[in-house]
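All remarks here apply to the structure that follows.
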Ligand SMILES: Cc1ncc(COP(=O)(O)O)c(C=O)c1O
């Protein structure tokens, strides 16, 4: 049975009724079936293996289609890698634990930082220009690494006249050719002769046709013409043959809604086996015809929508049903979702025909399903829904697992919905819903536009300077049962920038006090650690962190009042810790008590706690605390 199916008129996502999910988690809501996701990726892996006996195969599922980390973990578990586009997706994949050698790094114009990151991590880097190839070689030599590089090529399909479902009117070949990625073959041939490729492992080639059609033939032709381009390259570089060829993504899937205007004709959705046979066959043909032996070459593909798409459902609740008799009879079914949350209604002209989550009485009528944004926001024009549909009914847009969540925006200041993972009878939140405070979090009000004074908005954290960090973590976590969130080291330069104190290297441990953090600081330089109150580097001292809503403004007021802060407000670097982006400075209160003024960038998302054993002995440090 399909993991997403109807049972007695009820829409089921595995063993859970969609309407129960809506009642429990609220709508709008993105839901993914784990069983469907696993089945989809397995189908592609098997299909590609069967179609390409010539060498190994790899399915690198396109992360952009759904970057939710829990889903990535499931695909890791299935042995599938991923295609990433740009620095942020690469970081997400590496953080999720995807092995670097199973990551295909794309990006039509790559900044140097992305090239360096990909080479350092050991990922497969696809280059899109001669300049990028040269930059990869330079970066590899500087890093003392070998860059695993593939050349993205541009097979010529300009003779393909079939209409692209992407634009709904232009010839597929012309639209594909206008797309920017890839290296024109003439410039590449010329550059290969003059570039210093020391440091580069020219492992293979890459090409991607994209989602222009569900028909199989253009994908076969694309692979065949890529094979011919490989032959040209092999002639330009005698002795070179590719070890791997990546054919990109763009394949269709059951329920694929792309191409609204072209949906009238029922489209056959080819299976993974049909696509795999076509692309593998076309490639084999193209390679052999151009004198390249395909045996031993690894074949990769990067399906995104075809893995995530049919595994996802978007749930929404009907808010009202409005009828008009004249001048034109109309029925609008207004739901609590929006084209803003199903963005492919615009991007790819997608059409989703909604289904009722539970049985609704009445005969089908033609309605426009509309969303809550102030845009035209017709999610599905001319949909067919029972005339008994009413406020409170839950409707579902099937096959929405790819791209919709990640393309969703905050138009009309709408917080984006939560994402759920359903597995059997279990439903788990894998991305929480946004709050209005998330939507407004990055706003900053210049002082001249405020009508109140900048103010302290609460205690941010409490910090203790300690003599022995392990002992203190043992005391607070092991003995008193608090949770250790993270430990790390702060380099002298940063300490000086934050506090004004030079040459101090500090180890820290953050302990969860419930709604606040207890920060334990250990100054590594033994000479600095003289136990005394009211100096921040001495064991036994306390500083108090005060949270403010505008650190720069508070700094200005303190300085003007004669309380010289120890440093300028400093934005902490994006180092992946919970402190990234916060603005801080230090200052003493009138009695010399040290205060740290903190303006938070955003609520820290802290890693799970680290268990700490109860130490067998806990000795206080020496009682000599004389100043
Ligand atoms: C290089 C590359 N690979 C894979 C994909 C995934 O495409 P799809 O989700 O249509 O399969 C894309 C999409 O733009 C892409 O640019």
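Numbering (our numbering), first residue to last: 20 to 646. Built from N, CA and C at the ideal position, the CB exists for glycine as well. A quick note: this is a predicted structure, and the numbers were derived from the prediction, not measured.
Anticipated Cβ contact below 8 Å, residue i with residue j, distance rounded
i           : j           : result
residue 570 : residue 606 : Residue 570 to residue 606, Cβ: 11 Å. No contact.
residue 711 : residue 47  : Residue numbering for the chain in the displayed model covers 20 to 646; residue 711 lies beyond these limits and cannot be assessed.
residue 375 : residue 316 : Actually they are not in contact, since the Cβ atoms of residue 375 and residue 316 sit about 49 Å apart, beyond 8 Å.
residue 202 : residue 148 : 6 Å
residue 119 : residue 105 : About 16 Å; that fails the 8 Å criterion.
residue 379 : residue 412 : 6 Å
residue 352 : residue 342 : With a Cβ gap of about 10 Å, residue 352 and residue 342 do not count as contacting.
residue 417 : residue 50  : About 10 Å; that fails the 8 Å criterion.
residue 190 : residue 182 : 7 Å
residue 263 : residue 319 : 6 Å
residue 328 : residue 272 : 4 Å
residue 158 : residue 134 : 5 Å
residue 530 : residue 503 : 6 Å
residue 359 : residue 246 : Not confirmed; about 42 Å, so no contact.
residue 6   : residue 41  : Lying outside 20 to 646, the shown extent of the chain, residue 6 is not represented and no answer is given.
Classification of residue i by the beta-carbon crowding that lies within 10 angstroms, buried from 16 upward
i           : result
residue 468 : exposed
residue 396 : buried
residue 294 : buried
residue 13  : Since the first residue of the chain shown is 20 and the last is 646, residue 13 is not available in this structure.
residue 33  : buried
residue 313 : buried
residue 287 : exposed
residue 508 : exposed
residue 496 : buried
residue 354 : buried
residue 132 : exposed
residue 303 : buried
residue 595 : exposed
residue 21  : exposed
residue 373 : buried
residue 103 : buried
residue 285 : Confidence is the limiting factor: at residue 285 the pLDDT is only 47, short of 50, which leaves the residue's position unreliable, though a coordinate-based value still follows. Result: exposed.
residue 170 : buried
residue 544 : exposed
residue 339 : exposed
residue 584 : buried
residue 432 : exposed
residue 381 : exposed
residue 622 : Any reading at residue 622 must be qualified, since the residue scores a pLDDT of 40, below 50, and its modelled position is unreliable; the value itself is stated next. Its Cβ having fewer than 16 others within 10 Å, residue 622 is exposed.
residue 236 : exposed
residue 574 : buried
residue 155 : buried
residue 459 : exposed
residue 27  : exposed
residue 561 : exposed
residue 366 : exposed
residue 331 : buried
residue 265 : buried
residue 541 : buried
Residues that residue i bridges to, as DSSP identifies them
i           : result
residue 125 : 104
residue 538 : 482, 529
residue 456 : None, per the DSSP bridge assignment.
residue 341 : 351
residue 613 : 562, 607
residue 151 : Partner(s): none; residue 151 has no beta bridge.
residue 590 : 602
residue 415 : 334, 374
residue 168 : 144, 221
residue 581 : None, per the DSSP bridge assignment.
residue 397 : 389
residue 402 : 386
residue 446 : 441
residue 190 : 182
residue 507 : 527
residue 647 : Residue numbering for the chain in the displayed model covers 20 to 646; residue 647 lies beyond these limits and cannot be assessed.
Proximity test, residue i beta-carbon vs ligand 2 heavy atom, cut-off 6 Å
i           : result
residue 506 : With respect to ligand 2, the structure shown offers nothing to examine, as its ligands consist of ligand 1.
Q. Ligand 1: which residues have Cβ under 5 Å from any of its heavy atoms, chain order?
A. Proximity to ligand 1 was defined by a C-beta distance below 5 Å to any of its heavy atoms, and the residues meeting it, in sequence along the chain, are 81, 84, 102, 125, 227, 230, 267, 268, 269, 321, 322, 323, 324.
Q: Write down every uninterrupted run of the beta strand (DSSP E) in the region 21-54 whose length is 3 residues or greater and which is fully enclosed by it, in chain order.
A: Fully enclosed beta strand (DSSP E) runs of no fewer than 3 residues occupy 23-26, 29-32, 48-52 of the region 21-54, in order along the chain.
Q: Would you mind listing the alpha helix (DSSP H) stretches within the region 254-330 that are 4+ residues and don't spill past its ends, in chain order?
A: Taking 4 residues as the shortest admissible run, the region 254-330 contains the following complete alpha helix (DSSP H) segments, listed from N- to C-terminal end: 291-308, 324-327.
Q | Those runs of the alpha helix (DSSP H) which lie wholly inside the region 57-99 and span at least 4 residues | A | Fully enclosed alpha helix (DSSP H) runs of 4 or longer: 88-96.
(Q) Suppose only complete runs of 4+ residues qualify. What are the alpha helix (DSSP H) ranges in the region 192-245, listed by chain order? (A) DSSP runs (the alpha helix (DSSP H)) wholly in the region 192-245: 204-213.
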